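Below is one structure, written out as structure tokens, with a few remarks after it.
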Amino acid sequence: MKTIDETRTHDDYRELLPWYVNGTLSTAEHETVARHVEHCAECRGDINLFEQLRETVLHSDAIPIVPPASPDRLLRAVDRSTARRRAVRRTAAISGVAATLLVTFVAGLLLSGRGTPDPAQYRTLTSEPAISAMDYVMEVRFEPGVPAEDRDRLLQALAPGEIHARPEEGTYRFALGRPGTSLADIQDAGSRMEALPEIRSARIVAVQLPVREQP
Amino acid sequence: MAVKSRITRGRNARPADDEVREAALLRRVAAGDREALTDLYHRYHARLFKFTFRLTRSHTAADELVNDILLVVWQSADRFRGDSKVSTWIFGIAYRKAMRRLSGNTIKFVGDRRRDEMAHDDTADAETRDWVRHGLDALPPAQQMTINLVFFLGLSYAEIAQVMDCPVNTVKTRMYHARRKLRGILQASAEAGDPADGLDDENDR
């Protein structure tokens with residue numbers, strides 16, 4: 001049976017050298033690399049290069065003067081984000097209660113036989129439907145290599161409505177907007193989408209108003 | 216041998232109880248504990264600032280990014296499943312935020328101010344570092360980022376794969392290409408009689 005040292009090639013050891021230098025290899029890996037390096041001039045040359053690199057990277061660390069830590073700004077942003085979420089939840093709850101009351105009222109009218117208005121007494125106050133909400137068109141770009149099924153799964157969770165796709169470019173557009181949802185809420189949703197590793201960007205690219213019917 | 220004496224294992228390892236404490240902090244953040252977020256902010260502020268500064272070269276951008284990153288931590292803490300260290304997860308967010316910010320821009324590894332200072336430093340080491348820095352500037356962003364994660368943050372290859380959300384082999388390949396390109400640049404400068412000639416490469420002898 002061959003040992004680890006015998007099964008590994010020179011290239012296998014060579015690709016581990018950056019982590020040999022930064023000291024994060026496992027004990028077994030570290031020991032096998034150390035044994036190889038002892039007899040390999042090429043790897044010792046690479047180690048010298050990586051040590052120079054490490055010194056360069058750490059030396060330039062002196063450049064930035066880190067500003068004093070002050071979490072106040074972060075906490076204000078947290079407050080704004082929390083307030084927006086609460087407002088959305090409150091609006092959703094109120095809308096739900098209002099919808100339930102309306103359904104109950106209409107059902108009551110119909111059941112009592114008073115639900116059909118007399119056309120002669122009925123007058124439409126406006127010929128145009130009221131604007132219900134503004135839609136924000138969100139464009140989501142996926143990172144290259146995200147499988148189609150993963151894209152579909154995420155999109156279904158993010159966008160319940162119609163999706164316009166250019167899958168070959170990894171780009172998808174859909175409308176987001178409900179009564180009571182502000183631009184800040186949508187931007188907040190975009191920032192949460194961008195936190196996902198599969199998504200490269202999630203940005204509002206257009207705003208669309210509902211189309212009014214001509215009289 | 217000199218090589219063996221300079222390299223030790225686990226130089227960048229952090230104590231396990233520190234990891235446990237940070238995981239507990241993150242759970243409190245997920246439960247909406249602002250005090251825990253403030254604690255996490257103090258733990259990561261300097262590291263995140265330095266990490267984002269070296270990529271953006273802008274104090275303003277780095278300062279904004281630190282806040283943006285920790286706001287995402289606040290919003291997404293409940294999605295942390297403990298598959299990685301807390302620090303790996305946070306730097307994954309930092310990596311994606313920084314890359315988005317830089318998309319379309321060229322990353323420069325170090326400021327001109329530093330290079331001007333180096334011009335007056337006549338030690339061979341400083342000159343060699345200056346050439347290495349020139350070489351780093353010439354690398355593609357993903358390779359520069361990988362080098363930063365290896366030598367600035369001291370992450371293992373598995374941790375870097377988690378931060379960059381790519382296979383381990385991709386991480387190794389990026390370092391392989393970075394090494395090859397840097398070696399070419401340093402070789403060219405050595406042949407031109409430049410100071411990088413001082414780099415101790417046994418192959419060149």
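Those protein sequence lines, which keep their order, are chains A and B.
Those letters in the first sequence? Residues 1 to 215, per the working numbering, in order.
Those letters in the second sequence? Residues 216 to 420, per the working numbering, in order.
Where is the CB? At the ideal position from N, CA and C, for every residue including glycine.
Model, not experiment: these values are computed from the prediction.
Name, please, each residue of chain A whose Cβ falls closer than 7 Å to the Cβ of residue i.
i	result
Lys387(B)	Glu15
Ser299(B)	Result: empty, since nearest Cβ-Cβ is about 12 Å, beyond 7 Å.
Val347(B)	Gln52, Leu53, Thr56
Counting only Cβ pairs nearer than 9 Å, list the residues of chain A close to residue i.
i	result
Phe366(B)	Pro18, Val21, Asn22, Phe50, Leu53, Arg54, Glu55, Thr56, Val57, Leu58
Leu252(B)	Pro71, Leu74, Leu75, Val78
Gln402(B)	Within chain A, no residue comes near Gln402(B); the closest Cβ sits about 11 Å away, beyond 9 Å.
Arg398(B)	Gly45, Asp46, Leu49
Ala261(B)	Val66, Ala69
May I have the straight-line CA-CA distance separating residue i from residue j, to the nearest angstrom?
i	j	result
Gly170(A)	Asp188(A)	22 Å
Tyr136(A)	Phe295(B)	29 Å
Arg192(A)	Glu198(A)	12 Å
Cys40(A)	Ala276(B)	44 Å
Glu417(B)	Arg395(B)	For Glu417(B), the pLDDT reaches just 41, beneath the cut-off of 50, and the residue's location in the model is therefore unreliable, although a value from the coordinates is still provided. Going by the C-alpha atoms only, they are around 16 Å apart.
Ile204(A)	Asp293(B)	25 Å
His164(A)	Phe174(A)	6 Å
Lys300(B)	Leu368(B)	13 Å
Leu75(A)	Asp254(B)	12 Å
Pro167(A)	Gln156(A)	15 Å
Ala69(A)	Thr104(A)	55 Å
Leu16(A)	Lys387(B)	8 Å
Arg8(A)	Glu31(A)	13 Å
Arg262(B)	Ala357(B)	20 Å
Gln355(B)	Ala202(A)	The amino acid occupying residue 355(B) in the given sequence is Pro; Gln does not appear at that position. When rounded, the distance between both Cα atoms is 24 Å.
Gly145(A)	Ala376(B)	15 Å
His59(A)	Lys265(B)	12 Å
Ile400(B)	Pro18(A)	18 Å
Asp298(B)	Pro67(A)	32 Å
Asp283(B)	Ala313(B)	10 Å
Arg151(A)	Gly190(A)	16 Å
Val33(A)	Arg84(A)	54 Å
Residue i touches chain B at which residues, Cβ-Cβ below 9 Å?
i	result
Glu194(A)	Val287, Arg311, Lys312, Arg315
Ile150(A)	It is Asp, not Ile, that sits at residue 150(A) in the sequence shown. Correct list: empty, because the minimum Cβ distance to chain B is about 12 Å.
Check residue i in the structure and name its three-state DSSP category.
i	result
Ala246(B)	coil
Ile284(B)	helix
Thr104(A)	helix
Glu24(A)	This sequence places Thr at residue 24(A); Glu is not what is there. Three-state DSSP puts Thr24(A) in coil, outside helix and strand.
Ser300(B)	Ser is not the amino acid found at residue 300(B); the sequence shown has Lys there. Note: Lys300(B) maps to coil in three-state DSSP.
Asp380(B)	coil
Ser291(B)	helix
Pro147(A)	coil
Arg272(B)	coil
Thr9(A)	coil
Glu55(A)	helix
Pro18(A)	helix
Gly45(A)	helix
Pro356(B)	helix
Gly190(A)	helix
Gly369(B)	coil
Ser81(A)	helix
Ala195(A)	coil
Ser404(B)	helix
Phe157(A)	For clarity, residue 157(A) is Ala in the given sequence; the question names Phe instead. Here Ala157(A) sits in helix by DSSP.
Ile65(A)	coil
Residues bridged to residue i by DSSP?
i	result
Ala202(A)	Val140(A)
Val207(A)	Tyr136(A)
Ile163(A)	Phe174(A)
Can you name the residues of chain B whose CB is closer than 7 Å to the CB of residue i?
i	result
Asp46(A)	Arg394
What residues of chain B sit near residue i, judged by a beta carbon separation below 8 Å?
i	result
Pro197(A)	Gly307, Arg311, Asp380
Pro67(A)	Phe264, His274, Asp278
Just to make sure I have the definition right: I need the residues of chain A whose C-beta is within less than 8 Å of the C-beta of residue i. Which are they?
i	result
Leu241(B)	Near Leu241(B) there are no residues of chain A at all, since even the closest Cβ is about 14 Å away, more than 8 Å.
Phe358(B)	The sequence shown places Gln at residue 358(B), not Phe. In chain order: nothing, as chain A lies at least about 11 Å away.
Arg249(B)	Leu75, Val78
Thr343(B)	Gln52
Gly369(B)	Asn22, Gly23, Thr24
Ala353(B)	What Ala353(B) touches in chain A: nothing, since even the nearest Cβ is about 13 Å away.
Ser291(B)	Arg192, Ala195
Shorter than 7 Å, the distance from the beta carbon of residue i to the closest heavy atom of the ligand MN, or not?
i	result
Tyr310(B)	The ligand MN is not among the ligands present in this structure, which contains no ligands whatsoever.
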